[in-house]
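Those protein sequences? They're chains A and B, same order as listed. When we follow my numbering, the leftmost residue of the first sequence carries the number 5, and every step to the right adds one. When we follow my numbering, the leftmost residue of the second sequence carries the number 5, and every step to the right adds one. All C-beta atoms in this analysis are idealised placements derived from N, C-alpha and C, irrespective of residue type, glycine included. Read the structure below first, then the notes.
2 protein chains.
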Amino acid sequence: MEPHLLRTFVAVADLGSFSAAATKLGYTQSAVSQQIAALESDLGAALLHRRPVSLTEAGERLLEHARPLLLRIDAARAEIARVAGSPPSRISVGATPLAAPRVAAALTRARTSHPRAEITVAVLGRGEVLSQVAAGTLDLGLEEGISAPSDPLRLPDIGPANAVRIGEEELTVVLSAGHPLARRPALRLADLADARWLDAPDTGMPLADLRAAAGSDGFRPSLSYHGTDVGTLLALAAAGHGLTVVPRHVLAGIPGVTGISLSTDPTLVHRTELVHGTLTAHMAADLAAALTAGPAPP
Amino acid sequence: MEPHLLRTFVAVADLGSFSAAATKLGYTQSAVSQQIAALESDLGAALLHRRPVSLTEAGERLLEHARPLLLRIDAARAEIARVAGSPPSRISVGATPLAAPRVAAALTRARTSHPRAEITVAVLGRGEVLSQVAAGTLDLGLEEGISAPSDPLRLPDIGPANAVRIGEEELTVVLSAGHPLARRPALRLADLADARWLDAPDTGMPLADLRAAAGSDGFRPSLSYHGTDVGTLLALAAAGHGLTVVPRHVLAGIPGVTGISLSTDPTLVHRTELVHGTLTAHMAADLAAALTAGPAPP
DNA sequence: GATGATTACGGACGCCGTAAGCATA
DNA sequence: TATGCTTACGGCGTCCGTAATCATC
Numbered sequence: 005m006e007p008h009l010l011r012t013f014v015a016v017a018d019l020g021s022f023s024a025a026a027t028k029l030g031y032t033q034s035a036v037s038q039q040i041a042a043l044e045s046d047l048g049a050a051l052l053h054r055r056p057v058s059l060t061e062a063g064e065r066l067l068e069h070a071r072p073l074l075l076r077i078d079a080a081r082a083e084i085a086r087v088a089g090s091p092p093s094r095i096s097v098g099a100t101p102l103a104a105p106r107v108a109a110a111l112t113r114a115r116t117s118h119p120r121a122e123i124t125v126a127v128l129g130r131g132e133v134l135s136q137v138a139a140g141t142l143d144l145g146l147e148e149g150i151s152a153p154s155d156p157l158r159l160p161d162i163g164p165a166n167a168v169r170i171g172e173e174e175l176t177v178v179l180s181a182g183h184p185l186a187r188r189p190a191l192r193l194a195d196l197a198d199a200r201w202l203d204a205p206d207t208g209m210p211l212a213d214l215r216a217a218a219g220s221d222g223f224r225p226s227l228s229y230h231g232t233d234v235g236t237l238l239a240l241a242a243a244g245h246g247l248t249v250v251p252r253h254v255l256a257g258i259p260g261v262t263g264i265s266l267s268t269d270p271t272l273v274h275r276t277e278l279v280h281g282t283l284t285a286h287m288a289a290d291l292a293a294a295l296t297a298g299p300a301p302p
Numbered sequence: 005m006e007p008h009l010l011r012t013f014v015a016v017a018d019l020g021s022f023s024a025a026a027t028k029l030g031y032t033q034s035a036v037s038q039q040i041a042a043l044e045s046d047l048g049a050a051l052l053h054r055r056p057v058s059l060t061e062a063g064e065r066l067l068e069h070a071r072p073l074l075l076r077i078d079a080a081r082a083e084i085a086r087v088a089g090s091p092p093s094r095i096s097v098g099a100t101p102l103a104a105p106r107v108a109a110a111l112t113r114a115r116t117s118h119p120r121a122e123i124t125v126a127v128l129g130r131g132e133v134l135s136q137v138a139a140g141t142l143d144l145g146l147e148e149g150i151s152a153p154s155d156p157l158r159l160p161d162i163g164p165a166n167a168v169r170i171g172e173e174e175l176t177v178v179l180s181a182g183h184p185l186a187r188r189p190a191l192r193l194a195d196l197a198d199a200r201w202l203d204a205p206d207t208g209m210p211l212a213d214l215r216a217a218a219g220s221d222g223f224r225p226s227l228s229y230h231g232t233d234v235g236t237l238l239a240l241a242a243a244g245h246g247l248t249v250v251p252r253h254v255l256a257g258i259p260g261v262t263g264i265s266l267s268t269d270p271t272l273v274h275r276t277e278l279v280h281g282t283l284t285a286h287m288a289a290d291l292a293a294a295l296t297a298g299p300a301p302p
């Protein structure tokens, strides 16, 4: 269970290939093979099927633990590096595309009260935000996703009390204006399991999250979009390539699409949280105050 | 950041001594010294002051990460061992003392519906429960603590969705019957920071949790009790040795003590959660259904 | 001076690369 | 047959124990 073995295991699982993982990590094919073998013998269970490479049941379980473990290890290392180093004068903030409007709005307000802070903002794919906060590349990150009202997001914890609630909004499913369901006042997520869905893991709600929320194994992708541009995602939805789920506010004034509320569902909402390393907890408190004022403006 | 380094670091931090940690872990004094040195050089920061041994700022940070990391590593290993092994016929359940009445009540009901299950029950000190669930020694554990209403407990996560809410109850502070405050209808936790407190880390609410909940650095212990017997704890409170905090139901019919509600506080409640490895999720669902029926009987 | 952490050194083991082997598509 | 994972083997680095050294109470 040494971290470098977990790292290799995750790489192999992601890439579906020993040799690809080897080149990515700077090892030889053989080394990766030996590392996986070592992990399997340590744990006493086969983790991967070979030829083609796929996860065994035990491998699936390990993967669920390995990612958060590696994330937390990075977080610990980054935190200690900060304690040892000098207090940072620059603050970097990252956000997922659907949370980005909140940062922009809050920073204009923060500028007036803290005019001398040097702030960097980046919009990143979902998943990048948390790992970069963990690694210390980002000081603060805005994450968002689906949850029950007043329930926290299910993010891997990278430290004590590292996420604070920013706000919750109505969750809507985006349909092209001409869609048969476009005139319904509200919909239940489970009823849409068999529809055509957009797979936009960087930008929209991951389909796996929809499956988890609806308790269904549907939500199969009809088109995949890799990128962080919300406009493109909505344009794809408007063109009828599939459905996607977003918080209501991003649809304001967008032509060609209709947002149908999912709030009659076993009460699902779109929730935004501010994630931070514990060392930037005071910064987080300041920014959170500015951010929680309400839903983001257009 | 290899796990064995973290393990020795935690042992040194707990025991306050390199040599004590060495004997506990089966190393030589020298090996422990080298391991700590390796960790410090890897992280680029001093983790411990020597002579006497105490944590540096960086060490404090690392410790906050190291314990959950080790817990999760144990959880992953246990989970994989279960996948590889045969499905368990015996179920072991553990609970902290203040949660114990709930298991007892639920199991009598579970007995009638699942008469052939072989169930083991243990009452353990706070902190033992989670680590044994992680390690796979326990299949299910009942944890409890202070939280805001409908907020989850702040437990280190040992896997995806590993805790489910069982119930919440009024939180009361226990006073001897003759105590000056014993006739108040309600109290605020922060006002009691300077009182004499019982330190019963295995049984009652840890004083550190009270400090965190009240945002105060008071709650200093006047007497410490190590053990898992709630009756003894209440007897100490009745005898005026100090205050302690418990959920209301444990006080029903106990002479010599008075419970004053803390519910007017920034709304603090006593919350109970069922913790499980993901592999026992279905067992957890069954037991949770029996457990959530209401507050435990006397 | 005794206790306890550090440093020096040596043997054993582990890890990774090279290279050969082997199975599957 | 070719791609790709596995096994064999050797060098190098790491880890831990013994033992000597150093520092602190």
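Tell me, which residues are paired with residue 68/A by DSSP? DSSP lists no partner for residue 68/A.
Whole angstroms is fine: what's the gap from residue 134/B's alpha carbon to residue 190/B's? Distance between the alpha carbons of residue 134/B and residue 190/B is about 32 Å.
According to DSSP, is residue 180/B part of a helix, a strand, or is it coil? Under the three-state reduction of DSSP, residue 180/B is assigned to strand.
Residue 96/B, DSSP secondary structure in three states: Of the three classes helix, strand and coil, the one that applies to residue 96/B here is strand, per DSSP.
Assigned exposure category for residue 42/B - 16 Cβ within 10 Å defines buried: The C-beta of residue 42/B has fewer than 16 other C-beta atoms within 10 Å across all chains shown, which makes the residue exposed.
Which chain B residues sit within Cβ distance under 7 Å of residue 169/A? By Cβ distance, chain B contributes nothing, its closest Cβ being about 10 Å from residue 169/A, past 7 Å.
Counting along the chain, where does the beta strand (DSSP E) carrying residue 253/A start and finish? Where residue 253/A is concerned, there is no enclosing beta strand (DSSP E), given that its DSSP letter is neither H nor E.
Boundaries (first-last residue) of the alpha helix (DSSP H) holding residue 236/B: Run containing residue 236/B: 234-242, per the alpha helix (DSSP H) assignment.
Mind checking the segment 155-182 of chain A against chain B and listing, in chain order, the residues whose C-beta falls within less than 9 Å of any C-beta there? Taking 9 Å as the Cβ-Cβ cut-off against chain B, the residues of the segment 155-182 of chain A that qualify are 155, 156, 158, 160, 161, 162, 163, 164 and 165.
Which term fits residue 187/B, buried or exposed, when burial requires 16 or more other beta carbons within 10 angstroms of its beta carbon? Exposed, because fewer than 16 other Cβ atoms sit within 10 Å of the Cβ of residue 187/B.
Please name the residue, chosen from 230/A, 226/A and 45/A, that lies closest to residue 208/A on a Cα-to-Cα basis. For the options 230/A, 226/A and 45/A, the alpha carbon positioned closest to that of residue 208/A is the one of 230/A.
Own chain residues within Cβ distance below 8 Å of residue 32/B, not counting five before or after: 26.
Local Cβ density within 10 Å of residue 34/B, reported as buried at 16 or more and exposed below that: Burial is judged here by how many other beta carbons sit within 10 angstroms of a residue's own beta carbon; residue 34/B has fewer than 16 and is exposed.
Tell me, please, which residues DSSP counts as bridged to residue 264/A. Bridge pairing for residue 264/A: 177/A [DSSP].
Can you have a look at residue 275/A and say buried or exposed, based on whether 16 or more other CB atoms are within 10 angstroms of its CB? Label assigned to residue 275/A: buried.
Interface partners of residue 7/B on chain A, CB under 9 Å: Going along chain A in sequence order, the residues near residue 7/B (Cβ under 9 Å) are 5, 6 and 7.
With 16 as the cutoff for other CB atoms within 10 Å, does residue 300/B come out buried or exposed? Low confidence applies to residue 300/B: its pLDDT is 48, below 50, so where it sits in the model is not reliable, and the reading given next is rough at best. Residue 300/B counts as buried, since no fewer than 16 other beta carbons sit within 10 angstroms of its beta carbon.
For the alpha helix (DSSP H) holding residue 18/B, just list the boundary residues, first then last. Per DSSP, residue 18/B belongs to the alpha helix (DSSP H) from 7-19.
Candidates 178/A, 17/A, 112/A and 85/A: closest to residue 256/A by CA position: Ranking the options by Cα distance to residue 256/A, first place goes to 178/A.
Buried or exposed (CB count within 10 angstroms, at least 16 for buried), residue 83/A: Under this definition residue 83/A is a buried residue.
Rounded to whole angstroms, how far is the Cβ of residue 153/A from the Cβ of residue 271/A, which I believe are closer than 8 Å? Contact flag correct, Cβ pair sits at about 5 Å.
Between residue 48/B and chain A, is any beta-carbon pair separated by less than 9 Å? Under the 9 Å criterion on CB atoms, residue 48/B is classed as interfacial with respect to chain A.
The segment 241-261 of chain B in contact with the segment 100-114 of chain B per 3-pair CB rule at 8 Å: These segments touch.
Could you check the C-alpha separation between residue 24/B and residue 205/B for me, to the nearest Å? Approximately 22 Å between the Cα atoms of the pair.
Could you confirm whether any beta carbon from chain A is found closer than 9 Å to the beta carbon of residue 41/B? No, residue 41/B does not count as interfacial toward chain A.
Are the CB atoms of residue 137/B and residue 281/B within a distance shorter than 9 Å? Judged by beta-carbon spacing, residue 137/B lies within the 9 Å limit of residue 281/B, meaning their Cβ atoms are closer than that value.
Might you give, ordered along the chain, the residues of its own chain that have their beta carbon closer than 6 Å to the beta carbon of residue 52/B, omitting 5 neighbours on each side? Sequence-distant partners of residue 52/B (beyond 5 residues in either direction) whose C-beta falls short of 6 Å from its own C-beta, in its chain, are 63.
Taking only the alpha-carbon atoms, compute the straight-line gap between residue 302/B and residue 250/B and give it to the nearest angstrom. Note that residue 302/B scores 40 on pLDDT, short of 50, meaning its location in the model is unreliable and no value can be drawn from it.
Compare the beta carbon distance of residue 243/B and residue 263/B with 9 Å and say whether it is the shorter of the two. 9 Å or more divides the Cβ of residue 243/B from the Cβ of residue 263/B.
Against chain A, does residue 88/B count as a neighbour if the rule is that its beta carbon must be under 9 Å from one of theirs? Among the CB atoms of chain A, one or more fall inside 9 Å of the CB of residue 88/B.
Run through chain A and tell me which residues come within less than 8 Å of residue 62/B, C-beta to C-beta. Per Cβ cutoff of 8 Å: 84, 87 and 88.
Check for me: the alpha helix (DSSP H) holding residue 278/B runs from which residue to which? Element bounds for residue 278/B: not the alpha helix (DSSP H) but the beta strand (DSSP E), 273-280.
Residue 37/B versus residue 81/B - alpha carbon distance: In a straight line, the C-alpha of residue 37/B is about 28 Å away from that of residue 81/B.
For chain A, check one thing: does any of its Cβ atoms lie closer than 9 Å to the Cβ of residue 296/B? Under the Cβ distance rule, residue 296/B does not count among the residues neighbouring chain A, no pair being separated by less than 9 Å.
Distance check for residue 70/A and residue 5/B, CA to CA, integer angstroms please. For the pair residue 5/B and residue 70/A, the Cα-to-Cα distance works out to about 14 Å.
CA-CA distance, residue 143/A and residue 151/B? Going from the Cα of residue 143/A to the Cα of residue 151/B covers about 27 Å.
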